[in-house]
Amino acid sequence: MTELESALKPEVRRSPDTVTRTFRIDRDVDRKMEGRSSEGRVSKNQMANTPRSSEQSQPRPVLSESSSTI
93 MTELESALKP
103 EVRRSPDTVT
113 RTFRIDRDVD
123 RKMEGRSSEG
133 RVSKNQMANT
143 PRSSEQSQPR
153 PVLSESSSTI
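Numbers 93 to 162, taken from my numbering, label the letters of the sequence shown in order.
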C-alpha cells in the first residue's frame with residue numbers, strides 16, 4: 093500500500109473570536125425589528141450584530157447563560 097503524504101481533508105479553519113448563539117425574543121420586539129430592518133433595508137441579523145455608533149467604542153455587555161429574553 094502507498095502511504096499518503098498529506099491528510100485526505102484539509103483542516104477546517106475556525107474562528108476563535110466568534111460563537112453562534114440562539115436566543116428567544118418577545119414577539120413585539122421581533123415586530124419592531126422587522127419594521128426597522130425593512131426601513132433600513134438590512135437584515136435582523138445585521139441589526140443585532142452591529143453596535144450603534146455611540147456604542148462602537150464601548151464593550152458590549154455579556155448576557156448570562158440563563159437569559160431567555162432581551
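For every residue, glycine included, the Cβ atom is placed at its ideal position computed from N, Cα and C.
Residue i versus residue j: straight-line alpha-carbon distance, rounded
i    : j    : result
E115 : M139 : Looking at the sequence shown, residue 115 is not Glu but Phe. Approximately 15 angstroms, taken between the alpha carbons.
P143 : L100 : 41 angstroms
V130 : D120 : According to the sequence provided, residue 130 is Ser. The question's Val does not apply to it. One C-alpha to the other measures close to 15 angstroms.
R133 : R105 : 31 angstroms
E126 : K136 : 7 angstroms
Contacting residues, own chain, Cβ-Cβ under 8 angstroms from residue i (five flanking each side not counted)
i    : result
R128 : M139
Cβ neighbours of residue i in the same chain (closer than 6 angstroms, five flanking residues each side left out)
i    : result
D122 : none
Contacting residues, own chain, Cβ-Cβ under 7 angstroms from residue i (five flanking each side not counted)
i    : result
T110 : none
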